[in-house]
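Working notes, structure below.
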Amino acid sequence: AIANFFQDKHFDLAISLEVAEHLQPESSPTIINWLTKVAPVVIFSAAVPGQGGHGHINLRTRDYWHSLLTESNFMISDRIREKLRNHPSVAPWYRYNVLDYVHANHPQVPQTNEVITRLIASESAAATAYYEESTKLYLLEQKTGICN
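Numbering (the working numbering), first residue to last: 1020 to 1167.
Written as structure tokens, this is what we have:
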């Protein structure tokens, strides 16, 4: 239904933030395929295993999503997460899950390397362990109004 709505449409940017974890697991490749067909730049995030949350039925590692995006000839830029990472008012699931990709033929494609790809895999495992404590702290900060 939604794929037909955007059929033959093209945009400068496609954004999907914390949506994919609410969709059936078998739809994961379709979600990425749709995003990468409509825009040369994709900003994407989805809950990782261990993150918790309501209605999360499709928890995948960042490495999983990274693989789907690179199979579509997209390269990670990872410039947005750099800016969000230490910002106390941004929820931890955005700080650690947001990834930005550009099509390999995009005129502003960054020069990526193996280090970034390894970073995605190692941070994906670390994020799963981090979420429980980080989410508790974030919720406490929001409740009390105390921020670093």
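Note that the Cβ used here is the ideal one computed from N, Cα and C, for glycine as well.
From residue i to residue j, what distance separates their C-alpha atoms?
i: Leu-1032; j: Lys-1056; result: 11 Å
i: Ile-1034; j: Glu-1160; result: 28 Å
i: Gln-1043; j: Leu-1088; result: 18 Å
i: His-965; j: Ala-1058; result: Absent from the structure is residue 965, since the part of the chain shown begins at 1020 and ends at 1167.
i: Tyr-1113; j: Ser-1064; result: 7 Å
i: Gln-1026; j: Glu-1101; result: 33 Å
i: Phe-1093; j: Asn-1052; result: 11 Å
i: Ala-1110; j: His-1085; result: 21 Å
i: Ile-1062; j: Gly-1074; result: 22 Å
i: Thr-1080; j: Arg-1104; result: 18 Å
i: Gln-1070; j: Leu-1054; result: 23 Å
i: Pro-1048; j: Gly-1072; result: 22 Å
i: Glu-1090; j: Glu-1045; result: 17 Å
Closest by CA to residue i, which one among the options?
i: Lys-1162; options: Asn-1124, Ser-1108, Leu-1078, Val-1121; result: Ser-1108
i: His-1041; options: Lys-1102, Ser-1096, Pro-1068, Leu-1078; result: Leu-1078
i: Ile-1050; options: Tyr-1083, Gly-1069, Gly-1072; result: Tyr-1083
i: Ile-1095; options: Ser-1046, Leu-1054, Ala-1123, Glu-1045; result: Ala-1123
i: Lys-1098; options: Ser-1046, Ser-1047, Val-1121; result: Residue identity check: residue 1098 is Arg in the sequence provided, not Lys. If we check each option's Cα against that of Arg-1098, Val-1121 comes out closest.
Rounded to the nearest angstrom, how far is the Cβ of residue i from that of residue j, given a contact under 8 Å?
i: Val-1060; j: His-1125; result: 7 Å
If contact is defined by three or more beta carbon pairs under 8 Å, each pair taking one atom from either stretch, is the stretch 1105-1123 in contact with the stretch 1035-1048? yes
Restricting to runs no shorter than 3 residues, where is the beta strand (DSSP E) found entirely within the stretch 1040-1128? 1060-1064, 1093-1095, 1118-1122
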